[in-house]
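Trainee: So that we are looking at the same thing, I have put the structure below in structure tokens.
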Amino acid sequence: MARNEISQHDALMRLGASTAEAIAKVLEMFMPSGVERGDVTITADGATPFVNLPLGGVMASVHYVDGVTGANVFVMTPTGARALATAMGAGPGDASSPELTELELSAVGEAANQMLAAAAAAISVVLGQEVEISPPETRILDEPAAATEAFGQAPHACSTSFTIGGEPCRLIQLVPSAFVVRMARALDELNLEQTGDGDGSQRGSGDDPGAMSLTDALCDVNLRVWAELGRTQIALGQALELPIGAVVDLDRPAEAPVELFVNGLCFGQGQLLVTDDGEWAIEIESLSSPTVRQPAAAGANPYHQQ
Numbered sequence: 439m440a441r442n443e444i445s446q447h448d449a450l451m452r453l454g455a456s457t458a459e460a461i462a463k464v465l466e467m468f469m470p471s472g473v474e475r476g477d478v479t480i481t482a483d484g485a486t487p488f489v490n491l492p493l494g495g496v497m498a499s500v501h502y503v504d505g506v507t508g509a510n511v512f513v514m515t516p517t518g519a520r521a522l523a524t525a526m527g528a529g530p531g532d533a534s535s536p537e538l539t540e541l542e543l544s545a546v547g548e549a550a551n552q553m554l555a556a557a558a559a560a561i562s563v564v565l566g567q568e569v570e571i572s573p574p575e576t577r578i579l580d581e582p583a584a585a586t587e588a589f590g591q592a593p594h595a596c597s598t599s600f601t602i603g604g605e606p607c608r609l610i611q612l613v614p615s616a617f618v619v620r621m622a623r624a625l626d627e628l629n630l631e632q633t634g635d636g637d638g639s640q641r642g643s644g645d646d647p648g649a650m651s652l653t654d655a656l657c658d659v660n661l662r663v664w665a666e667l668g669r670t671q672i673a674l675g676q677a678l679e680l681p682i683g684a685v686v687d688l689d690r691p692a693e694a695p696v697e698l699f700v701n702g703l704c705f706g707q708g709q710l711l712v713t714d715d716g717e718w719a720i721e722i723e724s725l726s727s728p729t730v731r732q733p734a735a736a737g738a739n740p741y742h743q744q
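Okay, here's the thing in structure tokens:
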């Protein structure tokens, strides 16, 4: 077998393993004992990785947008998606119904956002340059050909199996040739360093390229963080008619702790403060496992807030 062919195979395996590791780290944050990662497999030339996908399952995906064709796609069975949503505090829903509730889909979507952002960061590490992706998209897989029609084909593809709450799930990567070339070059440089032909100044011998900096890269993933005083539900027409100075009823009193959110998940509570510079701030009083906050119930014990 030619050296280039071996390098391409190793490059795909490295990309698949690094991406799967990043996704597993995010999943384990929500389900510390309910996630298992399987093996990486390379899709044969001309074959499609979108086979035996679960109908009614949840498919979360991002496209690469830096001038190359490819995507990361994470597919979950309905039961697996429900188990993840329940672990995030969004359920359980009606187990007898194959359809996920709006709250369950919202929870799975937030988890997918974090998983795919972490995956892109991991790919950036192994390639040695930033990888730009599209905003994540979550959809229900309602027909077998939907995935192929949505993503088409790429020069290379690989899959990694997962189990979430005992349910089989799958990460599918459509890998552009540019990524394989860059990764193969990185492996060639590593081989030179390990055999003493390079100066060894960039990577430690015997380590995977980027392996030592993967955790650091995940720590650099940007997340949306905000604080919430309370919620309510009003009709759109009523909202449009609100005058300046109107009082809106929220679902908690003014002295209640402010809830802290990261990417839509409530992770703690605190109190509002005003800094010496006159800016608003939050003093964190408690932290908890990330959960999806239940929507405000219309008419449920409202409190007046200005």
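The sequence shown begins at 439 in this note's numbering and counts up one residue at a time. Even for Gly, the Cβ is constructed at its ideal location relative to N, Cα and C.
Drop a sphere of 10 angstroms on the beta-carbon of E605, count the other beta-carbons inside from all chains shown, and report buried for 16 or more, exposed for fewer.
Mentor: Indexing the sequence shown from 1 puts residue 605 at position 167. It is buried - the Cβ of E605 has at least 16 other Cβ atoms within 10 Å.
Trainee: Classify Q709 as helix, strand or coil using the three-state DSSP reduction.
Mentor: Within the sequence shown, the letter at position 271 stands for residue 709. Q709: strand per DSSP, three-state reduction.
Trainee: Do T481 and A595 have their C-beta atoms within less than 8 Å of each other?
Mentor: Residue mapping note: residue 481 aligns to position 43 of the sequence shown, counting from 1. Residue mapping note: residue 595 aligns to position 157 of the sequence shown, counting from 1. Yes, they are a contact pair.
Trainee: Quick check: A460 and A556, are their CB atoms within less than 8 Å of each other?
Mentor: In the sequence shown, residue 460 corresponds to position 22, counting from 1. In the sequence shown, residue 556 corresponds to position 118, counting from 1. In this structure, A556 lies closer than 8 Å to A460 by Cβ.
Trainee: P614 and T507 - do their beta-carbons sit closer together than 8 Å?
Mentor: For this step, residue 507 is matched to residue 69 along the sequence shown. For this step, residue 614 is matched to residue 176 along the sequence shown. Against a cut-off of 8 Å, the Cβ pair of P614 and T507 comes out as a contact.
Trainee: Tell me which residues share the same chain as S726 and place their Cβ nearer than 7 Å to its Cβ, disregarding the 5 neighbours each side in the sequence.
Mentor: Taking the first residue of the sequence shown as 1, we reach residue 726 at position 288. Taken in chain order, the residues that qualify are F705, G706.
Trainee: With V613 as the anchor, note down where its beta strand (DSSP E) starts and where it stops.
Mentor: Sequence index remark: in the sequence shown, residue 613 carries index 175 (1-based). Taken as a continuous stretch (DSSP letters only), the beta strand (DSSP E) holding V613 covers 605–613.
Trainee: First and last residue of the beta strand (DSSP E) that includes S597?
Mentor: For the purposes of this step, residue 597 is taken as residue 159 along the sequence shown, with counting starting at 1. Where S597 is concerned, the enclosing beta strand (DSSP E) stretches over 594–602.
Trainee: Out of L453, C607, Q446, which has the shortest C-alpha to C-alpha gap to L522?
Mentor: Numbered from its first residue, the sequence shown carries residue 522 at position 84. Nearest C-alpha to L522: C607.
Trainee: In whole angstroms, what is the alpha-carbon distance linking M621 and Q446?
Mentor: Start at 1 with the first residue of the sequence shown, and residue 621 comes out as number 183. Start at 1 with the first residue of the sequence shown, and residue 446 comes out as number 8. So the alpha carbons of these two residues sit roughly 8 Å apart.
Trainee: Grouping DSSP H, G and I as helix and E and B as strand, with all else coil, what is D504?
Mentor: Taking the first residue of the sequence shown as 1, we reach residue 504 at position 66. Three-state DSSP puts D504 in coil, outside helix and strand.
Trainee: Compute the Euclidean distance between the alpha carbons of L541 and A498, then round it to the nearest angstrom.
Mentor: Residue numbering aside, residue 541 sits at position 103 when the sequence shown is read from its first letter. Residue numbering aside, residue 498 sits at position 60 when the sequence shown is read from its first letter. Computed Cα separation, rounded: 16 Å.
Trainee: What residue range is occupied by the uninterrupted beta strand (DSSP E) comprising R577?
Mentor: Within the sequence shown, the letter at position 139 stands for residue 577. Its beta strand (DSSP E) spans residues 575–578.
Trainee: Flag this pair as yes or no: are the beta carbons of A528 and V496 separated by less than 8 Å?
Mentor: Position 90 of the sequence shown holds residue 528. Position 58 of the sequence shown holds residue 496. No.
Trainee: Which word fits S572, buried or exposed, when buried means at least 16 other C-beta atoms lie within 10 angstroms of its C-beta?
Mentor: As a working mapping, residue 572 is identified with position 134 in the sequence shown. It is exposed - the Cβ of S572 has fewer than 16 other Cβ atoms within 10 Å.
Trainee: Can you look up T586 in the DSSP assignment and give me helix, strand or coil?
Mentor: On the sequence shown, position 148 is the one that residue 586 refers to. In the structure shown, T586 sits in a helix (DSSP, three-state: H, G or I).
Trainee: Helix or strand or just coil, what does DSSP make of T772?
Mentor: As displayed, the chain neither begins before 439 nor continues past 744, which places residue 772 out of reach and without an answer.
Trainee: Quick one: what's got a C-beta closer than 8 Å to T586's C-beta in the same chain, skipping five residues either side?
Mentor: Walking along the sequence shown from the start, residue 586 turns up at place 148. Excluding positions up to five away in sequence, the list reads T486, F488.
Trainee: Output the distance between the C-alpha atoms of E544 and R662, rounded to the nearest integer angstrom.
Mentor: Sequence index remark: in the sequence shown, residue 544 carries index 106 (1-based). Sequence index remark: in the sequence shown, residue 662 carries index 224 (1-based). Sequence check: residue 544 is Ser here, not Glu. Distance between the alpha carbons of S544 and R662 is about 15 Å.
Trainee: Just to check my reading of the structure: I720 and L688 have Cβ atoms closer than 8 Å, yes? What is that Cβ distance to the nearest angstrom?
Mentor: Position 282 of the sequence shown holds residue 720. Position 250 of the sequence shown holds residue 688. In fact, because the Cβ distance is near 17 Å, the residues do not count as touching under 8 Å.
Trainee: So, helix, strand or coil for T479, using DSSP?
Mentor: Numbered from 1 along the sequence shown, position 41 holds the residue referred to as residue 479. T479 falls in the strand class under three-state DSSP.
Trainee: How many Å lie between H501 and T670 at the Cα?
Mentor: In the sequence shown, residue 501 corresponds to position 63, counting from 1. In the sequence shown, residue 670 corresponds to position 232, counting from 1. Distance between the alpha carbons of H501 and T670 is about 35 Å.
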